[in-house]
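Note that the numbering used here has the sequence shown beginning at 534, numbered continuously upward.
Positions of the beta carbon are idealized from the N, C-alpha and C atoms, including for glycine.
Quick caveat, the model's predicted, so the values are computed rather than measured.
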Amino acid sequence: MKLRLALLFLLISALCHAYNFGQNKVNTTPEAWSTLQTMHFDVYFPRGENDFGRLAALLAEETYYNLRADLKYPISSRIPIIFYRSKSQFQSTNIIYPLLTEGVGGFTESLRNRVVIPFDGSYRNLEDLIAHELTHAYANALDKGMINSYLSLRPVSFPFWFSEGLPEFLSIGGENDYNNMFILDMVVNDYLVPLGSSDGYFAYRLGESFLAYIAKTYGREKVSEYYFTIHSSHNMDAATKKVFGIDFESLESRWRFQLKRDFYPRVNDHGVPQEAMEQRTRSDKDGSYFNFMPRFSPKGDRYVYFSTAGARYSVWMAGIHEMDRAKKIFTGEATGKAEEFYYFRSNLSWFPDGRRVAFSAKTSWGDQIHILDVDRGKIVQTVKLPEFDAIYELDVAPDGKRLVFAGQREMRCDIYLHDLDTGQTRQLTDDYFNDAQPRFSPDGQTIVFSSERSLNPESQRKGFFANVVANIYSLDLDGGEPEQLTFRIRDCSWPMFDGSGGKLLYLTYEDKVNNLHALDLQSSAQAKVTDVLAGVFAADISPDNRYLLVSNYFDKAWNIYFAHDPLKNLAWSDSTAQQLSVPSPDLMAGVDLGQLDYFGKRKPAPLPRINPARQYDERFPLSGEYRPFELTREDSLFLTRDYSYDDRPTSKDNPPTIGGYKPRFSLDSIWGGLAYSSAVGTIGYVELGLSDIMGNHGIGANVGVAGKLEESNLLLTYMYLKHRMDYGVGIYNLVDDAYYLDENYLPNNLLRYRERKSGLYMLLRYPFTRFTRLEFDHMLYQRGQYLSWAPYVEGYELSDEVSLSQDLVYTPGLSLVHDNALYGSTGPLVGWRGLYNVSATLADGRVEYFTNYIDLRSYTLFSRRYAIALRAIAGVSTGKEPQRFNLSGYYGVRAYRDNLSGYKKALLSAELRFPFFEYINLAFPIPLNIPNIRGSLFVDLGTVFDNFSDFNATTEDGRLDDLKLGYGFGPRLNLGYVVLRFDIAWQTDLSKTSKPTYYLSLSEDF
């Protein structure tokens, strides 16, 4: 029988009447692009932002030569870099399919080695992010290009901690106090896990710290030598012995002891937050990670803050007395009003009436400022400012009529003043400095804010903006220039006035631990207000100065702490004794964009061909005498590479010019197979996908060849994803057949039934928000049904076909989809999903079927790791040839093996999802550690039938009849890309129970 292309039909079903969930990428404003080609990079940036594009290109080239100093060898392929004007625009990228969240700072797509970077208003952050992502791209280019051919290296999968630790080390070098805060906390609280067991964000921090230790102890060149040796040996232990003379376990042990030497003294110098203050949130109890941005009410009797208790980043409120229980007053990340927050920048501010608070949030229509009634938990006003790419921190004026906020537009982040009565917005700062965290004085005449306007003269980091420092500044709202109030060489942030307005409180990393400090604005004396581990992130003081709230990171989470009389008994000192930063009059003063003219695009240098048989591989060039840039051999058979063609250019031969963006398609994927059958001839299948650099245009081709052209399967698709609405069109020819013996003919006669569908389809998807969308799809095709027969003898050809029918068929479908579910490791745990689909088929003027289908699912997290999942499904299909619904398998009543189907369907399912095993640690027969195995208890009740008149739920003696009931349990394990599920299920009719049915699958929980 001819090969059936199941995958092709799955693709068609995915486009036509598929019941699928998932959240949406929303392109609020389609971006127009400009391009700039430099010596090593193809740079893409928002059209009209030419200065930014040239600066970004120059930063990339300078970063390249900084990386080459460490990684030694040049790259032989060009690297595309795409810069988005904001985080929201970045999150809607089509370059990769997965939905991006606030926690993703940038990424490097490995297939085409595209670097994708958002701009957040800080040029210092931009430079660091370029260095991080270009390290990934540089390593990918070395993997696929010159070094792979010349040095006999094979692509290797580095440990995750190394893959992410190396970019962090090469971009920051272990000198970032915020990054080191996490290492400090791991050491102090004794949860420093082995490198091989690290994952997630901690792997970034541990990998950076480990490589920084190597550089400090053995020399920076040992880091790159280690990289190449791992690459060649494919074994961490062997590579470690080769480079350091000890095994990996010993090297890791030395690093861990060094961390104790570095961080244990800080325990003597700083307090534990629980000893110095009252802990008001308990992340260990409610499962939260963030408890951020506390803010006292004007009366000082209650406060609001952000928290992830309950899994979503939401607004909570509590009273100052410990017996006043905290309650959630607004749920974030669940509706279109607040799809997401800037975790480290969105804050809360009260109105003087003590009933309303303001905050900014991301929406599918741009960032907006919401005003929330805290007692009713309702948003009572929304300020829409579509001209801004991002809205960050804000503060409400003491009179309640104005808002001051940090806003990003035109590739800058400045401070703005918004009048709530008139709707007018006035720009207060206008420069390239990253201005943030504005706060009103008690009289409303002055604001203070943090700004990256000064330099650290002691820093030796490379880069145009690497030595920029944030300090605190004040600005008179009646006019004038910002006045610098602090002169630290370490970042200062989150300024605020005390109740009297005579003191300024702010955070700074003095002694490398972020704590709250006070500045007397009259005498300029300074004092430390808090002195706790591992780092205060945000704080607020009550209007009467009696109470203090801080958000402090300690023991793996941020929690809210409460202190009494924070300004009493402070040790004040002369601020002139503080280390001074150097003011920077212009952030771009040290940047000469003319230097970019040196980095023009060049033709690839011709490289001599290598005979692999004469390539020496045992004496890796980084062993023995270390000679960068060259392979030097005494034997003349070995080539010496001259990489001078890639040296920093000294002439402006071909200055880069800015051009427009034109889509150019490249291959994303291709796979297939080929076979031969004596009955139908050659059988083959090929699937390929192409897209442009932005992923806005996608072309797909699925070709299944089976003998004759008319019996082959063909699908050609085109998707256009640039705008808010997604468009898809396609043409296809699909053939299916079946062979059977017909009793009306001789016993040996074999009949063949063949159905062919040829036509086109169109898909429209419109997202209202990140969580809700409307899908409209059409199919118009010619359907032919054919019959042929032949003697059942091998080698006989089939006789001429008889056409049974020819129909012109139109199949429209409309779906409304909602999905705000949050996932655990094996499936959704919080939120709800809903889908309603209506579809029909019309053939030659008659309705073949008309189908209504609804699927509702809810998920409730009632404890840290325990959840209840509920599902209700109903479907009805009518017409001349109605569709049939199935009740067996995972999407029906589990435990039923029979192929139960009908024109009508109803199903109810309930599951308890829980942690099953924390880990399984086997020593024999093979050492194996399997962590985080979850479990599920489930029950399913459902039915399928054709007519209501024939439906019988139960028999006369009370047993279930058309109603089917099944129950069971099973473990689940996340394997990375798939979820492995094993279920044991029983069916029952309430009088007897069947033998168990076993299911093994690679799919997530519903």
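Of the other Cβ atoms in all chains shown, 16 or more fall within 10 Å of the Cβ of W849; this residue is therefore buried. A contact is defined here as three or more CB-CB pairs under 8 Å, and the region 765 to 783 fails this definition with respect to the region 1052 to 1059.
Secondary structure at G940: strand, using DSSP grouped into helix, strand and coil. DSSP, reduced to helix, strand and coil, places G820 outside both helices and strands of the structure shown, so it counts as coil. Within the same chain, Cβ atoms closer than 8 Å to the Cβ of L1293 are found at V1262, G1263, I1264, Y1265, M1312, L1313, Y1314, the five residues on either side in sequence being excluded. Annotated as distal: A664 and S609, with beta-carbon spacing of 8 Å or more. Excluding five sequence positions before and after F715, the CB atoms of its chain that fall closer than 6 Å to its own CB belong to R738, given in chain order. In summary, E660 is buried, with 16 or more beta-carbon neighbours lying within 10 Å of its beta-carbon over all protein chains present. A distance below 8 Å separates the beta carbons of D1516 and G1501. Judged by DSSP in its simplified three-state form, P1188 adopts coil rather than helix or strand. Looking from the CA of V1511, the closest CA among A871, G1412, D1538 belongs to D1538. A distance below 6 Å between beta-carbons, with the five flanking residues on each side excluded, links M1295 to the following residues of its chain, in chain order: V1262, H1311.
Taking all protein chains in view, the Cβ of A565 is surrounded by fewer than 16 other Cβ atoms within 10 Å, so the residue is classified as exposed. For K895, the three-state secondary structure derived from DSSP is strand. In chain order, W883, G887 place their CB closer than 6 Å to the CB of S830, counting only its own chain and leaving out the 5 sequence neighbours on each side.
Secondary structure at E985: strand, using DSSP grouped into helix, strand and coil. In this structure the region 1371 to 1378 does not lie against the region 787 to 804, because fewer than three pairs of beta carbons, one per stretch, are closer than 8 Å.
Fully enclosed beta strand (DSSP E) runs of no fewer than 3 residues occupy 574 to 579 of the region 572 to 603, in order along the chain. For R942, same chain residues with a beta-carbon under 7 Å away, outside a window of 5 residues either side, are E920, F921, D922 in chain order.
Under DSSP, T1521 takes part in a beta bridge, and its partners are L1498, T1526.
Taking all protein chains shown into account, W788 has 16 or more neighbouring C-beta atoms within 10 Å of its C-beta and is therefore buried. Around the CB of E991, fewer than 16 other CB atoms lie within 10 Å, so the residue is classed as exposed. Excluding sequence positions up to five before and after L881, its CB lies within less than 6 Å of the CB of M826, R828, V837, V890, F892, all in the same chain and listed in chain order. For A1122, no beta strand (DSSP E) run applies, since DSSP gives it neither H nor E.
Looking only at L588, Q556, D834, the smallest Cα-Cα distance to D857 is reached by D834.
As for any beta strand (DSSP E) of minimum length 3 sitting wholly inside the region 1179 to 1262, the runs are 1191 to 1193, 1199 to 1210, 1214 to 1224, 1230 to 1239, 1246 to 1253, ordered along the chain. Cβ contact annotation for T1041 (same chain, cutoff 8 Å, sequence separation greater than five): T1019, R1021, R1023, D1024, C1025, S1026, N1047, N1048, H1050, in chain order. Between the region 970 to 989 and the region 1001 to 1014, the count of C-beta pairs closer than 8 Å reaches three or more; the two stretches touch. Beta-bridge partners of L927 (DSSP): F938. According to the DSSP assignment, F863 belongs to the beta strand (DSSP E) that extends over 860 to 863.
The three-state reading of DSSP puts S696 in helix, counting H, G and I together. Between the region 924 to 940 and the region 578 to 589, the count of C-beta pairs closer than 8 Å stays below three; the two stretches do not touch. Cβ neighbours of E595 within its own chain (closer than 6 Å, five residues either side excluded): none.
Annotated as distal: Y846 and G869, with beta-carbon spacing of 8 Å or more.
For V721, the enclosing alpha helix (DSSP H) has its first and last residue at 710 to 721.
T568 is a Cβ neighbour of Y1194, given a cutoff of 8 Å.
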